[in-house]
Each structure stands twice: as structure tokens, then as C-alpha cells.
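Residue numbers (the numbering used here), protein chains in the order written: chain A, -3 to 223; chain B, -3 to 223.
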DNA sequence: ACCTGAACACCGTTCAAGT
DNA sequence: ACCTGAACACCGTTCAAGT
């Protein structure tokens, strides 16, 4: 690849002469948002930015370091809930706000889950969530349990086990397949049949399911608080 | 790599002349169990088995196909609970049995979560879980909700967000670090202080936390059943 | 201080050739 | 039918060399 200067029209994304960690980070997040996480490579990122891939190593220790920073940046985008409501409302608002943020970055859940240690924004987020519960009257021990029960849901996501969006270009073939599966998996067949009446299995409303689960858990925690 | 025959002493794992999907699968699971999932490559697997890496493609469509098979094989190892108890006990036993199985394959959670579609054993497992709830008196709609609330926990795992096992070779340095973190994250500091009295943060008992969360969810579902 | 390019040690996979 | 090896198109990263 030939040398390119800051004013070279072939490198539209090279805005200033020198790279920075911030610019690298936001370019990486943009690329992941648009093309998916599997398209994040040091080489492609370098190309995107108009720098030699090896230049990136001046601003980031290695790819893991970059992924750490990406994950933490996304958590840092979450808008904290205004803290004057009761703990349950605050927690609910916080988690749903996290969910809104994460939906803008579909790659983030798997990257967040694969991190070995939380970054500062993530620490701050958990500190905030812990504070909400403590101020709401939870014992330290119960807060600890609560964080484990909520798991990744506290950051607004659940890693869906598999796309139950059974893509059906051909409804007739799908029905045939469904019949044959029904014999092997009668209980799942019943589930699918009912769900599809309500607008398609997989058309199962993720937002609604998330809310349902969150409320069940928060209600359970509230009950334990008075247990 | 030189040609090796079935009797070549340099290829100890080559037991019979020809490869099979089963042998490939169990070799892959063994390798992942011992060396971790990141050490699973078509090339290493071929070497391990004493075959040219390209031979694997006669038994497996590609690496994703292999990972699909690995995930489904692990779910197939789960021993189903004997079904005569009440739904809550059956569900609890099933999930805890799943957990025991998954603990033998630490790589499995992330592989299972990254699958796009469930294999037959996984379908069977979910069909069984669905059956337990239906026979326990849950409506189809509530079963659907229940599966979403349980999420990956139904398969016996939760993807821990990060190792809260703060490795501390030097307790003095750790204490110093803790002090400085306490200023920035007071609520987490309180949590850590308390947990470490009970035998170390991260020394937080995962089994106990899993049980706690599972019971909270099952209790919540039971309550909704009568709601 | 930051950027560059060659080089190294890996990947997954296709394809033509062997047996 | 199954196995092989060369080849292709990728990776992340080190290191010496440039400016």
C-alpha cells in the first residue's frame, strides 16, 4: 500500500495527520456497528483509517486491549437513571436504558462477555447499580446475590441461546418441516404452534420477554428483602 | 508432514485406518477439555489424529459444523431427571444435572451460545424441559416466558461477566489497590470488603449463587402459575 | 514519538491429484 | 470413498528501519 498523506483524497477517514487512541476506538466501534464484530481486524482497521496496520500498535497494546476499550466505551454510553425514585424503579430504568444502548451495538454483548476484567466505565456502572440497591435497603449479602441473579441482564442483554427466528421464505415447506419435527419434539411443536398464531415464533417479542424476566427477578428480590 | 500409516508408531492416536465423524468429534471435545477452545483448529486436530488436516473435511462440512456437533454432543451428555417428581423438583434436578455436565466442559458455554441453531440433542433437551413445565400445569404462554427467564441457566450455566476472582499473589499490594479503588467505587468496595471476609471475593461460591438464582426464578414462576 | 514494511507463525478452505 | 499436499486468502504480532 502506498504512503498516503493527511490530504490524500484516497484516505477520506484520515482527518488529521496522526492517529489517536480515541480515533482508533471510535473507528472500531463504527466498523463493528456497520459490518459486525467478525470484520474487526487490525489490518482492516488500519486500512479503514488510512494507516499502516502496524501503526495501531502505537495506541493499543494488542487486539484484546482494543476489544476491552470497545466494551468499556459502550457501557460508558449508558445513561444512568436519575436517582430519586425508589430502588425498583431506578433499577428498572437503569437496566432498560442499558438495553437501549446495547441495541445500538449488537456486537457488544459477546464482546462484553468475553472480557476478563471490567474497565473503569463498567466498574462505575456496577458501582451505581450496587448503590441503588444499598440505598434501597438491601443488605450487602443480598446485593451480592442480586448481581448474580441479574447476571448480564443488569447490562441490558441476554445472550439468546439460538435464533428462534426460524426464517421461513416458503411457508408451505416450513409447515411440512414443522410436521416432521412435531413427531420428535411434541412439546416444542405445541409451543411453536401457539407462538406462531401470535405473529410468528421468533416473532416472539424480545422487548416483552426482557421486561417480563426483569420484573420477575426484581419482584423476587423485593420479596427477599422483606424475607 | 510425511505419510503415516495406521501402524506408524508416531501416530499414537490413529487407532484405525480411517477417520470417522465420531472419532473426530470426541477428539475435538477431548482437546477442548484439556487445552481450551482456543486451541481447537482444523490443523491441530488433524495433527492430533494423525491425519492430514484436509481429511477432516470428509467428515465435517467446516469448522462451524464441527462446533455445532461439539455443542450438541455436550448437551446430549446431560442426564435427564427421572420424571415422577413435581415440576419444580424435576426442573431443579434437570438444571443442576446440566450444570454438572457443563462443568466438565468449561469451553461449552461460549460455544453453545455462539451456535445459530440447536442440534437434535439440544432440541430434545428443550422439549423435555418444556414437557416438565406443561405437565406441571403451566400454560403454553407461561412456558414460553419461563424459557426466556431461565435463558442459558436452563442448560446449567451463566456466562459470568468477568472473573471476580481478583488474583492476588501479593495481599499487601492488593490491599493498597483496594484502597485506591475504594475512593472511586465506594459501593463495590463495600461489597468486596464483606465478600473477602467470607473467604475472598471471587471466592464467592458459584454453586451457591447458581442455586440461589435458580430458586428465585423457579419460585417466581410458581407464583405466576397461580397468579 | 510515531509510522512503515518485511517477516514470522499461524488460521480456514478449495481444488486437483492421488490411492 | 477417502486421503493428501499445494495453494489462496486471510489473521495477529515482532522487529528493525525510517521520519
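Cβ atoms here follow ideal geometry from the backbone N, Cα and C, with glycine treated the same way. Predicted model only: the values in this text are computed from it and were never measured.
- In the three-state reduction of the DSSP assignment, residue 155(A) falls in the coil class.
- Using a 10 angstroms sphere on the CB of residue 149(A), the tally of other CB atoms reaches 16 or more, which defines it as buried.
- Residue 157(B) belongs to the set of residues whose beta carbon lies under 8 Å from a beta carbon in chain A.
- By the rule that beta-carbons nearer than 8 Å mark a contact, residue 212(B) touches chain A.
- Judged by DSSP secondary structure, residue 83(B) falls within the alpha helix (DSSP H) whose first and last residues are 83 to 99.
- Proximity to residue 130(B) across 84(B), 178(B), 108(B), 76(B) peaks at 84(B), based on C-alpha coordinates.
- One Cα belongs to residue 181(A), the other to residue 124(B), and the distance between them is close to 8 Å.
- Contact between the stretch 60 to 72 of chain A and the stretch 96 to 108 of chain A is established, with three or more Cβ pairs separated by less than 8 Å.
- Between the stretch 43 to 61 of chain A and the stretch 83 to 100 of chain A, the count of Cβ pairs shorter than 8 Å is below three; the stretches do not touch.
- The beta carbon of residue 216(B) falls within 8 Å of a beta carbon belonging to chain A, placing the residue at that interface.
- Ranked by how close their Cα comes to the Cα of residue 17(A), the residues 216(A), 220(A), 57(A) have 57(A) in first place.
- Rounded to whole angstroms, the separation of the alpha carbons of residue 137(A) and residue 30(B) is 35 Å.
- With fewer than 16 other Cβ atoms inside 10 Å of its own Cβ, residue 222(A) counts as exposed.
- Within the model, the alpha-carbon separation for residue 40(A) versus residue 102(A) is close to 20 Å.
- When C-beta distances to chain A are compared with 9 Å, the residues of the stretch 93 to 121 of chain B below that value are 106, 108, 109, 110, 111, 112, 113, 114, 116, 118, 119, 120, in chain order.
- DSSP places residue 211(B) in the uninterrupted alpha helix (DSSP H) bounded by 202 to 221.
- Shown here, residue 47(B) sits in coil according to DSSP, grouped into three states, outside any helix or strand.
- Nearest C-alpha to residue 209(A) among 183(A), 147(A), 190(A): 147(A).
- For residue 122(A), the enclosing alpha helix (DSSP H) stretches over residues 116 to 131.
- At a cut-off of 8 Å between C-beta atoms, residue 181(A) counts as an interface residue with respect to chain B.
- Where residue 17(A) is concerned, the enclosing alpha helix (DSSP H) starts and stops at 17 to 31.
- With a threshold of 8 Å between beta carbons, residue 88(B) makes no contact with chain A.
- Going by beta carbons, residue 15(A) and residue 55(A) fall inside the 8 Å limit.
- C-alpha of residue 152(A) to C-alpha of residue 116(A): approximately 18 Å in a straight line.
- Between the alpha carbons of residue 216(A) and residue 132(A) lies a distance of about 15 Å.
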